[in-house]
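To start, the structure under review is shown below, and the notes come after it.
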Amino acid sequence: MPTAFPEIQERLDHICERLVTAFDPKSIFLYGSRARGDHLETSDYEIGVVCTQENHINITAIKEAIRAKNVNIYPFVYEKMMTGTCDIPFVKPLFLRELKLTARTLYGDPVIDELVPPPIMLLDAIKSLRFNLGYALSALLAERAGAHRLGMNQFSKSNLFATRDCLLAQHGVFYTTYEEILNRALECLPPDAPWHELIKTAYNTRLNPGMVYSKLIYDNISFLNQYIEPKLNRLFQEKGNVTLLA
56 MPTAFPEIQE
66 RLDHICERLV
76 TAFDPKSIFL
86 YGSRARGDHL
96 ETSDYEIGVV
106 CTQENHINIT
116 AIKEAIRAKN
126 VNIYPFVYEK
136 MMTGTCDIPF
146 VKPLFLRELK
156 LTARTLYGDP
166 VIDELVPPPI
176 MLLDAIKSLR
186 FNLGYALSAL
196 LAERAGAHRL
206 GMNQFSKSNL
216 FATRDCLLAQ
226 HGVFYTTYEE
236 ILNRALECLP
246 PDAPWHELIK
256 TAYNTRLNPG
266 MVYSKLIYDN
276 ISFLNQYIEP
286 KLNRLFQEKG
296 NVTLLA
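Now the structure itself:
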């Protein structure tokens, strides 16, 4: 097993050993904030298990074999990963690009090294914005249900990832960490811009998830609807579905 994550290595080793014993996968990799290095103490472990089409496993089998707190394990079919057609709930070109840039192999073949992400088109950024508007709805519903910490977490993700969509569409650069997104957004927005403080608050809320500002959830919906979406729509009207990243 690798030693790239000394503070969490023992737990990763234990999870990998159980997965290998149960499924003999082609590869296991870590992704998400714990792979990027911008995780919190409470962040989940996001782990991908890669098997061939012939030996594919489903999520039910994984949950029956591995029961661990704060660990999310997702199955990937090797052949579909290599063709950019994997069955995931995210916008594929953006998700696969982030895997390529940040995921870390824990066991087996270096599938991440083999991965060639598909180009990111302007429509992909628009699709991602709509996805992040769904995050904004999740934040609203969580807040209404009294799940304030979850609501603030969803608000933060919605805001920062939608901001990334805007930066990607305007500048053709794909930022992977929350800090990169924040810093680049603040560089691009004048200090008195209406949404300047909202983006900073979204970043600070992620670091302090106990903060509860219900109004921010509604402000964020307006930010996505009134600021980012019109920008992306204008770009599409002017340029069409251009390639943002080859």
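Counting from 1 along the sequence shown, just add 55 to a position and that's the residue number in my numbering. Ideal Cβ positions, reconstructed from N, Cα and C, are used throughout, including at glycine.
Spatial neighbours of residue i within its chain, please: C-beta separation below 8 Å, excluding the five flanking residues on both sides.
i: Ile283; result: Leu184, Ala217, Thr218, Asp220 and Cys221
i: Val132; result: Val105, Cys106, Thr107, Gln108, His111, Cys141 and Asp142
i: Leu151; result: Met136, Gly139, Cys141, Leu170, Pro172 and Pro173
i: Asp274; result: Leu253
CB of residue i to nearest heavy atom of the ligand MN: below 6 Å?
i: His111; result: Among the ligands in the structure shown, none appear at all, so the ligand MN cannot be discussed.
Please list, in chain order, all residues of the same chain as residue i whose beta carbon is under 6 Å from its beta carbon, the five residues on each side excluded.
i: Ile272; result: Ala194, Leu195, Glu198 and Phe210
i: Val126; result: Tyr100
i: Asp168; result: none
i: Val75; result: none
i: Ala257; result: Ser211, Asn214 and Leu215
i: Leu188; result: Leu279
i: Thr260; result: Met207, Ser211 and Met266
I'd like the list of long-range same chain contacts for residue i, defined as Cβ closer than 7 Å, with 5 residues on each side in sequence excluded.
i: Gly163; result: Pro80, Lys81, Ser82 and Ile83
i: Arg239; result: Leu222 and Tyr230
i: Leu154; result: Tyr86, Ile167 and Leu170
i: Asn296; result: Met176, Leu177 and Leu178
If residue i and residue j are in contact, beta carbons under 8 Å, what's the gap, nearest whole angstrom?
i: Leu290; j: Leu177; result: 6 Å
i: Ala90; j: Thr160; result: Wrong, their Cβ atoms sit about 10 Å apart, outside the cutoff.
i: Ile254; j: Leu223; result: Wrong, their Cβ atoms sit about 15 Å apart, outside the cutoff.
i: Leu241; j: His251; result: 7 Å
i: Ile305; j: Ala191; result: The shown model of the chain, from 56 to 301, leaves out residue 305, and the question about it has no answer.
i: Ile181; j: Leu287; result: 5 Å
i: Asn208; j: Pro249; result: That pair is no contact at about 24 Å.
i: Glu234; j: Asp93; result: 6 Å
Secondary structure at residue i, three-state DSSP: helix, strand or coil?
i: Ser362; result: Because the chain in this structure spans residues 56 to 301, residue 362 falls outside the shown range and cannot be described.
i: Phe84; result: strand
i: Thr140; result: coil
i: Thr115; result: helix
i: Val105; result: strand
i: Val297; result: coil
i: Asn125; result: coil
i: Met56; result: Residue placement at Met56 is poorly supported in this model, since its pLDDT is 40, which falls under 50; the coordinates still yield a value, given next. Met56: coil per DSSP, three-state reduction.
Cβ pair count under 8 Å reaching 3, the segment 144-163 against the segment 116-123: As far as the Cβ criterion goes, the segment 144-163 does not touch the segment 116-123, which means the pair count is below three.
Segments of 3+ residues assigned as beta strand (DSSP E) that fall wholly inside the segment 144-217: Annotation note: the segment 144-217 contains the following uninterrupted beta strand (DSSP E) runs of length 3 or greater, listed N- to C-terminal: 159-163.
Sequence ranges, alpha helix (DSSP H) only - wholly within the segment 217-276, length at least 4: Counting only runs of 4 or more, we get 233-243 and 251-262.
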